[in-house]
Ligand code: NAD
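Here it is, written out as structure tokens:
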């Protein structure tokens, strides 16, 4: 019997993954390719054309032409929205297949890609197409003499650079508002997970997006990504990825004065006070850090537990984590699949060595499961005896690894939570309403969830502070980034104009 994995492999492995430029799937100009690996066995799934500066230039020119001369930005918002709604519907129709491709490429369990991530990708198009029809402006009347009003105009050509964790969802999170606002774009997907993005060209074209509006160039960050950032024909860069990459991109884009949106790394705290609903806090803490194989930017990777309940909570945590099912990501029952790539596996397991060297204790997990000798499988790990200044508590591990710390008072919890360079998400568990709000106001992070797991409403601002990012995306925040706000001032009467050159 043919397995689902084999079917997916046949589908995507038929030909080398191409770029999508000017409405066509094209080969790379150099002809160079690189292998895309299956995280479950590290065997190549297929080859991918490696985009270089000349491919990026070709794509930017196509996007520029489509922006300057094409119909996209001249269409009414309603027309664009109707096309983008069709994109959402096509994603919904193909959801099972896209989820399989994504699972094959990333190792994220099928139960999480199929149900969560691909549905969310479709929702991104539904949501931003509707938002685009509701964009409004402001007016500033000036004493009957003038009327100022604002217009939202598309910015131009956007470079969208995305990471390998939940690639399809994150790509559509950028593409949908970018196109809804009337821009055109070039997407540079992550080199470790380019497969689902390769479906987008066909989907958008079938939905009616004009040629050149949406382009994809595959390749490595240092070549394809850097060329996109430096290209003078690109006006704005929306980047999601590591903080160090964001810093490099900012330097590289300075000469052409790019507009940036940065969604970067995190080391988000989960603070559990003794008066919390411990059952719910525990479930949310475990799901928050171990779902998506722990490769989640908003993972609550530092768990702070108040003294009185520390022993009980940690004992229950360890027991639960021991029972998490690690295995084939295509098995419906699998909860944690293989990590994306052997290099990333080495990085994550390297942090487990650091934990041991720093004197912390790996209370459970952190080993390769015996029955899974190939691929990047790792048992989810809980590390106790952690001090906040340790590297494992300060640096983003981006894998299924949870550091547990103890605190006594609210002030201490806030101080420890903030004593890190990141500031993306935070989670607070308490039944004391006033304390919940106090802590939410004091924590240095772009988003705080109180007595809640990471549930998102697409209208709300998503993003981080400190080294976790610059700017917010979501709702009208995305349109603040993807549009120029233009002020128009109209004289209503004959105001005084100062005269020069009258002798
Ligand atoms: P990464 O920074 O290595 O790569 C991200 C993308 O940038 C890839 O497409 C890569 O090819 C490209 N890139 C690399 N170097 C580049 C350069 N010099 N110029 C232009 N592009 C370049 O990140 P990753 O390992 O793919 O993803 C994991 C990281 O992403 C983690 O730090 C995670 O926290 C972060 N992340 C953040 C969010 C968020 O919303 N804040 C969401 C998901 C992931």
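Numbering (my numbering), first residue to last: 2 to 504.
Note that CB positions come from ideal geometry on N, CA and C, so glycine has one too.
- Every unbroken stretch of the alpha helix (DSSP H) spanning 4 or more residues and falling wholly within the segment 428-476 is given here in chain order: 434-443.
- Beta-bridge partners assigned by DSSP to residue 403: 383.
- The ligand NAD has a heavy atom closer than 7 Å to the beta-carbon of residue 425.
- For residue 60, same chain residues with a beta-carbon under 6 Å away, outside a window of 5 residues either side, are 22, 187, 216, 218 in chain order.
- For residue 444 and residue 301, the gap between their C-alpha atoms comes out near 14 Å.
- With a threshold of 16 other beta carbon atoms within 10 Å, residue 333 falls short and is exposed.
- Sequence-distant Cβ neighbours of residue 494 in its own chain, meaning closer than 8 Å and more than five residues away, are 145, 146.
- Rounded to the nearest whole angstrom, the C-alpha separation of residue 168 and residue 476 is 20 Å.
- Annotation for residue 409: no alpha helix (DSSP H) segment contains it, and DSSP assigns it neither H nor E.
- Here the alpha carbon of residue 263 sits roughly 11 Å from the alpha carbon of residue 161.
- With a cutoff of 8 Å on beta-carbon distance, residue 30 and residue 56 are scored as near each other.
- Boundaries of the beta strand (DSSP E) around residue 37: 34-38.
- Ranking 326, 84, 355, 285 by CA distance to the CA of residue 211 puts 84 first.
- The beta carbon of residue 48 sits no closer than 7 Å to any heavy atom of the ligand NAD.
- Assignment of residue 178 by DSSP, reduced to helix, strand and coil, places it in the helix class.
- For residue 158, the enclosing beta strand (DSSP E) covers residues 158-162.
- Here the alpha carbons of residue 320 and residue 276 stand approximately 22 Å from one another.
- Excluding five sequence positions before and after residue 34, the CB atoms of its chain that fall closer than 8 Å to its own CB belong to 17, 48, 49, 50, 51, given in chain order.
- Residue 215: not part of any alpha helix (DSSP H); member of the beta strand (DSSP E) spanning 215-217, first to last residue.
- Contact check for residue 340 against residue 241 fails: the beta carbons are separated by 8 Å or more.
- Not one heavy atom of the ligand NAD falls within 7 Å of the beta-carbon of residue 275.
- Listed as beta-bridge partners of residue 153 by DSSP are 486.
- Following the DSSP letters along the chain, one finds residue 20 inside the beta strand (DSSP E) bounded by residues 20-22.
- Straight-line measurement puts the Cα of residue 266 at about 20 Å from the Cα of residue 429.
- The criterion of a C-beta distance shorter than 8 Å is not satisfied by residue 46 and residue 330.
- Bridge partners of residue 50 according to DSSP: 34.
- Here DSSP, grouped into helix, strand and coil, assigns residue 95 to coil.
- Per the Cβ contact rule, the segment 286-300 is not in contact with the segment 224-234 (fewer than 3 Cβ pairs under 8 Å).
- In the DSSP assignment, no residue is bridged to residue 335.
- When the alpha-carbon of residue 308 is set against those of 318, 274, 297, 316, the nearest one is in 274.
- Apart from the 5 residues on each side of it in sequence, residue 456 sits with its Cβ closer than 8 Å to the Cβ of 450 in its chain, given in chain order.
- Take the alpha-carbon of residue 448 and the one of residue 497: they are about 49 Å apart.
- The beta carbon of residue 118 sits closer than 6 Å to the beta carbons of 167, 170 from its chain, once the five residues preceding and following it are set aside; these are given in chain order.
- Residue environment for residue 213: buried (at least 16 other C-beta atoms within 10 angstroms of its C-beta).
- With respect to residue 306, residue 315 sits close: the two C-beta atoms are nearer than 8 Å.
- Relative to residue 82, the option among 224, 352, 177 whose CA is nearest is 177.
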